[in-house]
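Enquirer: These protein sequence lines map, in sequence, to chains L and Y. Mind the numbering: the first sequence is residues 231 to 339 in my numbering, read in order. Mind the numbering: the second sequence is residues 132 to 345 in my numbering, read in order. The beta carbon of each residue, even a glycine, is placed where N, CA and C say it ideally should be. What follows is a single structure, and I will ask about it in a moment.
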Amino acid sequence: MAHEAEMAEGSSKPHPPVKIYLQVLFLLFLLSTVAYFIDLMQMAMVIKALLLISIALMKAGLIAGYFMHLRFERITLVYVLVAPLILLIGLVAAVMPDGRSVLLSRLGL
Amino acid sequence: MKAEETLQAAWSGGRSPFAVSWGKLMMWLFILSDAFTFGGLLAGYGALRASSPTWPDASKVFALHIGGQDFPLLLIAIMTFILICSSGTMALAVHSGYSRDKKRTVLYLVATILLGLTFLGCQAYEWSKLIGEGYRLWHTPGGPPQFGACFFTITGFHGSHVLSGVIYLAVIAVRAGRGIYDQRGSYEGVENAGLYWHFVDLVWVFIFTFFYLF
Numbered sequence: 231m232a233h234e235a236e237m238a239e240g241s242s243k244p245h246p247p248v249k250i251y252l253q254v255l256f257l258l259f260l261l262s263t264v265a266y267f268i269d270l271m272q273m274a275m276v277i278k279a280l281l282l283i284s285i286a287l288m289k290a291g292l293i294a295g296y297f298m299h300l301r302f303e304r305i306t307l308v309y310v311l312v313a314p315l316i317l318l319i320g321l322v323a324a325v326m327p328d329g330r331s332v333l334l335s336r337l338g339l
Numbered sequence: 132m133k134a135e136e137t138l139q140a141a142w143s144g145g146r147s148p149f150a151v152s153w154g155k156l157m158m159w160l161f162i163l164s165d166a167f168t169f170g171g172l173l174a175g176y177g178a179l180r181a182s183s184p185t186w187p188d189a190s191k192v193f194a195l196h197i198g199g200q201d202f203p204l205l206l207i208a209i210m211t212f213i214l215i216c217s218s219g220t221m222a223l224a225v226h227s228g229y230s231r232d233k234k235r236t237v238l239y240l241v242a243t244i245l246l247g248l249t250f251l252g253c254q255a256y257e258w259s260k261l262i263g264e265g266y267r268l269w270h271t272p273g274g275p276p277q278f279g280a281c282f283f284t285i286t287g288f289h290g291s292h293v294l295s296g297v298i299y300l301a302v303i304a305v306r307a308g309r310g311i312y313d314q315r316g317s318y319e320g321v322e323n324a325g326l327y328w329h330f331v332d333l334v335w336v337f338i339f340t341f342f343y344l345f
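Quick look at the structure:
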């Protein structure tokens with residue numbers, strides 16, 4: 231409890247060492263290169279999409295977590311920032327069927 | 132019980148529930164709203180692409196022609212590399228700010244600005260190349276006009292964020308150089324600018340994935 235109260239004042243925020251930043255940077259390069267070559271390879275669209283989306287989410291997690299320090303902030307801030315983004319899934323789910331039906335009407339089906 | 136204690140410690144009143152300064156909280160909320168703007172643009176792109184019978188192959192449209200050979204998406208890969216590098220130098224600038232190292236903070240900020248300008252140069256080259264080939268906001272040679280609309284809107288919006296970021300960082304670098312953050316005893320101005328810059332990189336991850344790779 232006392233420790234939590236201390237954290238709430240924001241006085242004892244740990245700063246990661248430079249080594250961590252360089253490791254994250256290396257991982258970002260690696261993931262981008264992998265994504266580039268996955269794109270050039272021939273494979274089923276579903277597998278490719280799943281791989282590319284997971285790589286994008288991993289990169290986003292690394293950038294937000296380490297470069298933007300989210301891993302070292304209070305969990306309440308993380309919830310406030312991440313929870314609303316779930317609505318974006320709803321947005322995509324809402325507009326994609328519309329695009330699909332426009333395509334069907336364009337093709338005269 | 133642990134969760135309850137944390138909740139009470141954070142929300143029972145008398146202290147900031149997020150344990151960050153107002154400036155940082157406001158920057159985070161701005162970033163959240165900006166994430167929705169880009170989310171809206173990308174969702175719109177998804178719907179437009181789903182409604183088009185054909186879509187140009189991005190790895191061909193954005194291929195770079197060097198020495199009689201086509202390299203698919205090479206320029207975009209270089210741009211991604213530059214932006215990740217700039218995020219790295221920005222992280223180092225923020226890190227130098229924590230240890231109140233004025234000289235290094237300014238140095239890394241300048242490096243970040245230069246990388247940002249290089250990115251913008253690459254984008255200017257890409258735009259003028261495509262415009263030269265007949266791509267317009269309302270027209271795609273041999274393809275649905277939605278492609279041109281999505282390309283110029285999304286990359287233009289992102290590019291204007293990079294440009295704003297370069298100006299923002301230049302202001303911060305001048306302020307850091309003048310010793311304003313030393314006087315205040317806090318380099319938080321650098322940290323908040325860093326949040327914005329990393330966000331611009333974060334958005335590029337999704338534009339790179341959904342617009343260029345898919």
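#1: I'd like to check one pair, T211 (chain Y) with S262 (chain L): are the Cβ atoms closer than 8 Å?
#2: Which of the three DSSP states, helix, strand or coil, is assigned to G338 (chain L)?
#3: Exposed or buried, which one is Q200 (chain Y) when buried takes at least 16 other CB atoms within 10 Å?
#4: Grouping DSSP H, G and I as helix and E and B as strand, with all else coil, what is Q200 (chain Y)?
#5: Check the Cβ-Cβ distances between P187 (chain Y) and every residue of chain L, and say whether any is below 8 Å.
#6: Can you list, in chain order, the residues of its chain with a C-beta nearer than 7 Å to that of L292 (chain L)? Leave out the 5 residues immediately preceding and following it.
#7: Among residues of its own chain, excluding the 5 on either side of P244 (chain L), which ones have a beta-carbon nearer than 7 Å to its beta-carbon?
#8: With H, G and I counted as helix, E and B as strand and the rest as coil, what does DSSP make of H299 (chain L)?
#9: Find the nearest neighbour of A301 (chain Y) within the set Y:Y318, Y:A280, Y:T286 and Y:A324, judged by alpha-carbon distance.
#10: Classify T185 (chain Y) as buried or exposed, calling it buried when 16 or more other Cβ atoms lie within 10 Å of its own Cβ.
#11: Can a CB atom of chain Y be found closer than 8 Å to the CB of F259 (chain L)?
#12: Since Y299 (chain Y) contacts I162 (chain Y) with CB under 8 Å, what's their CB separation in whole angstroms?
#13: List, in chain order, every chain Y residue whose beta-carbon is nearer than 7 Å to that of L314 (chain L).
#14: Rounded to whole angstroms, what is the Cα-Cα separation between V278 (chain Y) and K289 (chain L)?
#15: Following the continuous alpha helix (DSSP H) through G274 (chain Y), name the residue where it begins and the one where it ends.
#16: For W153 (chain Y), does the count of other Cβ atoms within 10 angstroms reach 16, so buried, or fall short, so exposed?
#17: Taking 8 Å as the limit between beta carbons, can you name the residues of its chain near W142 (chain Y), skipping five residues before and five after?
#18: Do L251 (chain Y) and L205 (chain Y) count as a contact pair if the criterion is CB distance below 8 Å?
#19: Once the 5 residues before and after I311 (chain Y) are set aside, which same chain residues still bring their CB inside 7 Å of it?
#20: Considering Cα atoms alone, identify which of Y:V151, Y:S317, Y:G228 and Y:I209 is closest to V248 (chain L).
#21: Consider the Cβ of Y251 (chain L): report whether some Cβ of chain Y lies at a distance smaller than 8 Å.
#22: Could you check where the alpha helix (DSSP H) with L246 (chain Y) kicks off and where it finishes?
#23: Does the region 316 to 325 of chain L come into contact with the region 166 to 173 of chain Y, if we say contact requires no fewer than three beta-carbon pairs (one atom in each stretch) closer than 8 Å?
#24: Which residues of chain Y have a Cβ atom closer than 7 Å to the Cβ of S284 (chain L), listed in chain order?
#25: Measuring only the C-alpha atoms, how far is S242 (chain L) from F341 (chain Y)?
#26: Taking 6 Å as the limit between beta carbons, can you name the residues of its chain near L195 (chain Y), skipping five residues before and five after?
#27: My guess is that A255 (chain Y) and T243 (chain Y) are in contact by the Cβ rule of under 8 Å, so how many angstroms apart are they, rounded?
#28: Assuming G177 (chain Y) contacts G329 (chain L) under a Cβ cut-off of 8 Å, what Cβ separation, rounded to an integer in Å, is found between them?
#29: How would you call W159 (chain Y), buried or exposed, if buried means at least 16 neighbouring beta carbons within 10 angstroms?
#30: Exposed or buried, which one is S259 (chain Y) when buried takes at least 16 other CB atoms within 10 Å?
#31: Please classify V312 (chain L) as buried or exposed, where buried requires at least 16 other C-beta atoms within 10 Å of its C-beta.
#32: At the level of alpha carbons, what is the spacing between H233 (chain L) and R146 (chain Y)?
#33: I need the DSSP call for L287 (chain L), collapsed to helix, strand or coil.
Expert: Looking at the atomic coordinates:
#1: Walking along the first sequence from the start, residue 262 (chain L) turns up at place 32. Walking along the second sequence from the start, residue 211 (chain Y) turns up at place 80. Their beta carbons are under 8 Å apart, which means S262 (chain L) touches T211 (chain Y) by this criterion.
#2: Taking the first sequence and counting its residues from 1, one reaches residue 338 (chain L) at position 108. G338 (chain L): coil per DSSP, three-state reduction.
#3: Looking up residue 200 (chain Y) in the second sequence gives position 69. Classification of Q200 (chain Y): exposed, given that the 10 Å Cβ count is below 16.
#4: Within the second sequence, residue 200 (chain Y) is the residue found at index 69, counting from 1. Q200 (chain Y): strand per DSSP, three-state reduction.
#5: What you label residue 187 (chain Y) is simply residue 56 of the second sequence in a count that begins at 1. Judged by the 8 Å Cβ criterion, P187 (chain Y) is not in contact with chain L.
#6: Walking along the first sequence from the start, residue 292 (chain L) turns up at place 62. Excluding sequence neighbours, L292 (chain L) sits near V254, L257 and L258.
#7: Counted from its first residue, the first sequence places residue 244 (chain L) at position 14. Cβ neighbours of P244 (chain L) beyond the five flanking positions: F302.
#8: If you number the first sequence from 1, residue 299 (chain L) lands on position 69. Three-state result, H299 (chain L): coil.
#9: Position 170 of the second sequence, counted from the first residue, corresponds to residue 301 (chain Y). With distances taken between Cα atoms, A301 (chain Y) lies closest to Y:A324.
#10: What you label residue 185 (chain Y) is simply residue 54 of the second sequence in a count that begins at 1. By the 10 Å Cβ count, T185 (chain Y) comes out exposed.
#11: Position 29 of the first sequence holds residue 259 (chain L). True, the Cβ-Cβ gap to chain Y drops below 8 Å.
#12: In the second sequence, the residue the question calls residue 299 (chain Y) occupies position 168. In the second sequence, the residue the question calls residue 162 (chain Y) occupies position 31. About 13 Å separates the CB atoms of Y299 (chain Y) and I162 (chain Y); that is not less than 8 Å, and the two are not in contact.
#13: Counting from one through the first sequence, the residue named residue 314 (chain L) turns up at place 84. The sequence given here places Pro at residue 314 (chain L); Leu does not occur at that position. Residues of chain Y passing the Cβ test: L163.
#14: Counted from its first residue, the second sequence places residue 278 (chain Y) at position 147. Counted from its first residue, the first sequence places residue 289 (chain L) at position 59. Here residue 278 (chain Y) turns out to be Phe, not Val, going by the sequence shown. When the Cα atoms are used, F278 (chain Y) and K289 (chain L) turn out to be separated by approximately 26 Å.
#15: As a working mapping, residue 274 (chain Y) is identified with position 143 in the second sequence. It is not in any alpha helix (DSSP H) - G274 (chain Y) carries neither H nor E in the DSSP assignment.
#16: The residue labelled residue 153 (chain Y) in the question sits at position 22 within the second sequence. Classification of W153 (chain Y): exposed, given that the 10 Å Cβ count is below 16.
#17: For this step, residue 142 (chain Y) is matched to residue 11 along the second sequence. Contacts found: P148.
#18: Sequence index remark: in the second sequence, residue 205 (chain Y) carries index 74 (1-based). Sequence index remark: in the second sequence, residue 251 (chain Y) carries index 120 (1-based). Going by C-beta atoms, L205 (chain Y) is not nearer than 8 Å to L251 (chain Y).
#19: Reading the second sequence from its first residue, position 180 is the one you call residue 311 (chain Y). The answer is none, since no qualifying residue turns up.
#20: One-based indexing of the first sequence puts residue 248 (chain L) at position 18. Answer by Cα proximity: Y:G228.
#21: Walking along the first sequence from the start, residue 251 (chain L) turns up at place 21. Yes - at least one Cβ of chain Y is within 8 Å of the one on Y251 (chain L).
#22: The residue given as residue 246 (chain Y) occupies position 115 in the second sequence. Looking at the DSSP string, the run of the alpha helix (DSSP H) that includes L246 (chain Y) is K233 to G263.
#23: yes
#24: The residue you call residue 284 (chain L) lines up with position 54 of the first sequence. In chain order: nothing, as chain Y lies at least about 10 Å away.
#25: By 1-based counting over the first sequence, the position of residue 242 (chain L) is 12. By 1-based counting over the second sequence, the position of residue 341 (chain Y) is 210. Note that S242 (chain L) scores a pLDDT of 44, beneath 50, so its modelled location is shaky and nothing firm can be said.
#26: In the second sequence, counting from the first residue as 1, residue 195 (chain Y) sits at position 64. Within the same chain, and ignoring the five residues on either side of L195 (chain Y) in sequence, the residues whose Cβ sits closer than 6 Å to its Cβ are F202, L205 and L206.
#27: Numbered from its first residue, the second sequence carries residue 255 (chain Y) at position 124. Numbered from its first residue, the second sequence carries residue 243 (chain Y) at position 112. In fact, because the Cβ distance is near 19 Å, the residues do not count as touching under 8 Å.
#28: Here residue 177 (chain Y) refers to the residue found at position 46 when the second sequence is read from its first residue. Here residue 329 (chain L) refers to the residue found at position 99 when the first sequence is read from its first residue. That pair is a contact at about 7 Å.
#29: Translated into positions along the second sequence, residue 159 (chain Y) becomes position 28. So W159 (chain Y) counts as buried.
#30: Taking the first residue of the second sequence as position 1, residue 259 (chain Y) is located at position 128. That one is exposed.
#31: What you label residue 312 (chain L) is simply residue 82 of the first sequence in a count that begins at 1. Classification of V312 (chain L): exposed, given that the 10 Å Cβ count is below 16.
#32: One-based indexing of the first sequence puts residue 233 (chain L) at position 3. One-based indexing of the second sequence puts residue 146 (chain Y) at position 15. Note that H233 (chain L) has pLDDT 44, beneath the 50 cutoff, so the model's placement of it is unreliable and the number below is only indicative. Taking the straight line joining both Cα atoms gives about 14 Å.
#33: In the first sequence, residue 287 (chain L) corresponds to position 57, counting from 1. Helix.
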